[in-house]
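Residue numbering for the sequence shown is 1 to 469, as defined by the UniProt record's numbering. Built from N, CA and C at the ideal position, the CB exists for glycine as well. Worksheet for the structure shown next.
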Amino acid sequence: MHVMEGVPRTSSFQDHQQLRLRRALLASGAGAAHTLICWLGLQQGYFWLSAGTWWLLTLAAWIGYAGFPWLIYRNHNLKFKDPSLTRLQILWYVGFNSLFLYFAPDMRAILCMHFFVVMLFGIFRAQPKGFAFLVILLLSAYFLPLFAHLILRPTAGIDFKFEFLLAIGFSFILLGIGLVGMEISRLRHALKQRNLALNEAMHKISSMAITDELTALCNRRHLMNILRRQKGLADRGDYDFTLCFVDLDYFKRINDNFGHQAGDKALQAVAKVLQASVRDVDYVARLGGEEFVLLLVRTGLRDAAQVAERVRIAIEMLDLNDIEMGLKLTVSQGIAQYQRTESIEEVMHRADLALYEAKRCGRNCIITEADSPRLDPHNPENRNKYACSQKTNKSTSILDEMPPFNPTSTKQKQQPSSLQGSDQQTHLREIFPHHQNLKDHAGLQGHQLILARLPHSQGHVLATHPSIT
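Okay, here's the thing in structure tokens:
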């Protein structure tokens, strides 16, 4: 089918146009049958006009019989208020059939049957009120030629008894078809409404299947489907993506202290921040609980870290005063970039390990897989260790052998706020017993790695102390 410039080439558009064209062609077929009957009547002498006039009248009728399908085929019907052109077609067919009734009064009983065909076509589009108008139109088209014949050709003989019976029979049959058509129209309208409701319900169910109900983000099921598509794109060519696992720090305290409703509000607020922090081509999903995932398309580790830092700052500055005055949230984030041909589970596992590192390093920080050799997928030793680490989920780096840094512990509180000389060095070595080992560990760059993972206030204290630097 020809499509006009500027007309959308959607499947729904094509289906509607095909349906309109098919109905217009059916009407043209009915017009062809009507023309054949009239031609046979002309050959038998039932028309009181000349053959030339009859052919001119027939050609004029066929302008509409052939013109309506052509308009639909060329999509010119879309310029009309009623794209199906149903009303125009009905008026055209009824008008010309009424003319043939006037010129062939003896064929009135045969030509009246064409009105019933027009009535059936009205079922496709007419509403219940439209059927009442259609019945009045067809009755008028039947009686007007009869009255015109009586006025303009009074000398022509008319069997009034026969015409009276014919008019009564035609009227009752037409009314019966009209009532049936109205009932069919009501059923069609009810079916249309049910289909619309069903489509809406299916759309809602489909949306619920891929959307987290609380945050309106993608759920885990939808995220995995998206990751499979992203993996296919990345494996085929120059395409990459990065995963950023985001976990709220100490979120359980909000639920315990303020209730689950407050926790839900906090999750919704975080979800809005995450959505506002990424591009339209990126994806944000909630894995469950207080854990979220950012899928950053065509993004490397460095750019992903910038996005993660923007997220960290935005959440740290998030206003949660409606839950509790002064309440603040922080997040820990782990980032991993997809490597071609690896499985989705591998890149998710590396991002999860990076998140675990961020939790161990004091929270409210960002760890990428490039920060530690044991997370780097390009390190050949990690290829053999990956299966073991996946089963045991235990870390073997020197970071994991360290006790967690807790500046509020009892032992630290007993120390004076200002330490001098050897007492100060002894205190820091108790906090950081593996300091020398960290300096010797390949790729960790000693204290710099640890300071990058500590909260700002703790890192500043250690960074300025002479025993660490």
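What is the rounded straight-line gap between the Cα of Ile151 and the Cα of Phe172? 26 angstroms
Could you tell me whether the Cβ of Thr53 comes closer than 8 angstroms to any Cβ of chain C? The structure shown contains no chain C, having only a single protein chain.
Would you kindly check if the distance between the Cβ of Asp235 and the Cβ of Arg340 is under 8 angstroms? yes
Nearest residue (CA-CA) to Ala354, options Ile344, Leu267, Ser140 and Ala370: Nearest option by C-alpha distance: Ala370.
Of the residues Ala104, Leu179, Ala197 and Ala358, the one placed nearest His39, counting alpha carbons only: One point to set straight first is that residue 39 is Trp, not His, in the sequence displayed. Considering only alpha carbons, the answer is Ala104.
Would the beta-carbon of Asp282 fall within 8 angstroms of that of Leu296? yes
Just the Cα atoms here: how many angstroms apart are Ile315 and Cys365? 12 angstroms
Where does Leu243 sit, in a helix, a strand or coil, going by DSSP? DSSP, read as helix, strand or coil, puts Leu243 in strand.
By the 10 Å Cβ neighbour count, where 16 or more other Cβ atoms means buried, how is His203 classified, buried or exposed? exposed
Are there 16 or more other CB atoms within 10 angstroms of the CB of Leu320, so buried, or fewer, so exposed? When all chains shown are included, Leu320 counts as buried.
Whole angstroms is fine: what's the gap from Asp82's alpha carbon to Trp62's? Between Asp82 and Trp62, the C-alpha separation is close to 21 angstroms.
Hey, out of Tyr73, Arg298, Leu49 and Val246, whose CA is closest to Tyr356's CA? Val246
Compute the Euclidean distance between the alpha carbons of Gly64 and Gln89, then round it to the nearest angstrom. Gly64 and Gln89: Cα-Cα distance of roughly 8 angstroms.
Please state whether the Cβ-Cβ distance between Ala304 and Cys218 is less than 8 angstroms. For the pair Ala304 and Cys218, the CB atoms are not nearer than the 8 angstroms cut-off.
Suppose the cutoff is 7 angstroms on Cβ atoms and the five residues either side in sequence are ignored; what does the same chain contact list for Ile210 look like? Cys218, Asn219, Arg221 and His222
Can you tell me whether Asn315 is helix, strand or coil according to DSSP? The question names Asn, but residue 315 is Ile in the sequence shown. Of the three classes helix, strand and coil, the one that applies to Ile315 here is helix, per DSSP.
Contact defined as beta carbons within less than 8 angstroms: I believe Leu318 pairs with Val278. What is the distance between those atoms, to the nearest angstrom? At roughly 16 angstroms, the Cβ-Cβ gap does not stay under 8 angstroms, so Leu318 and Val278 are not in contact.
Just tell me which of Pro145, Tyr338 and Val331 has its CA closest to the CA of Gly237. Tyr338
Report the residue ranges of all alpha helix (DSSP H) runs contained in full by the stretch 161-241; include only those spanning at least 4 residues, in chain order. For the stretch 161-241, whole alpha helix (DSSP H) runs of length 4 or above, ordered along the chain, are 220-236.
Would you say residue 476 and Ser84 are within 8 angstroms of each other, going by their C-beta atoms? In the structure as shown, the chain starts at 1 and stops at 469, and residue 476 therefore has no counterpart that could be examined.
Using a Cβ-Cβ cut-off of 6 angstroms (strictly less than) and excluding sequence neighbours within five positions of Thr408, which residues of its own chain qualify? Residue confidence for Thr408 is low, a pLDDT of 37 falling below 50, so the modelled location carries little weight and cannot support an answer.
How big is the Cα-Cα spacing for Ala24 and Phe100? 21 angstroms
Tell me which same chain residues have a C-beta within less than 8 angstroms of the C-beta of Ala262, skipping the five on either side of it? Only Ile254, Asn255, Ile323 and Glu324 meet the Cβ criterion.
Relative to the alpha-carbon of Trp55, which residue among Asp159, Thr35, Asn199 and Phe68 has its alpha-carbon at the smallest distance? Closest by alpha carbon: Thr35.
Tell me the rounded alpha-carbon separation between Thr299 and Arg310. 15 angstroms
Looking only at its own chain, which residues have a Cβ that is under 8 angstroms from the Cβ of Gly95, when we skip the five neighbours before and after it? Ala141
Go through its chain and collect everything with a Cβ distance to Gly41's Cβ below 7 angstroms, but skip five positions before and after it. Phe47, Ala104 and Met107
Just the Cα atoms here: how many angstroms apart are Gln333 and Ala358? 6 angstroms
Exposed or buried, which one is Ser12 when buried takes at least 16 other CB atoms within 10 Å? The residue in question, Ser12, is exposed, as its Cβ has fewer than 16 Cβ neighbours within 10 Å.
Just to confirm, are Leu139 and Met119 a CB contact at a threshold of 8 angstroms? no
Residues near Ile37 by beta carbon distance below 7 angstroms, same chain, minus five either side: Ile110
Three-way DSSP call (helix, strand, coil) for Val94 in this model: Helix, per DSSP.
Continuous alpha helix (DSSP H) stretch holding Tyr356: start and end: Annotation for Tyr356: the continuous alpha helix (DSSP H) segment containing it runs Ile344 to Arg360.
By alpha-carbon positions, which one of Ala308, Asp249 and Phe170 ends up nearest to Arg363? Relative to the Cα of Arg363, the nearest Cα in the group Ala308, Asp249 and Phe170 belongs to Asp249.
Three-state secondary structure (DSSP) of Ser50: Coil, per DSSP.
What did DSSP end up calling Ile37 once you bin it into helix, strand or coil? helix
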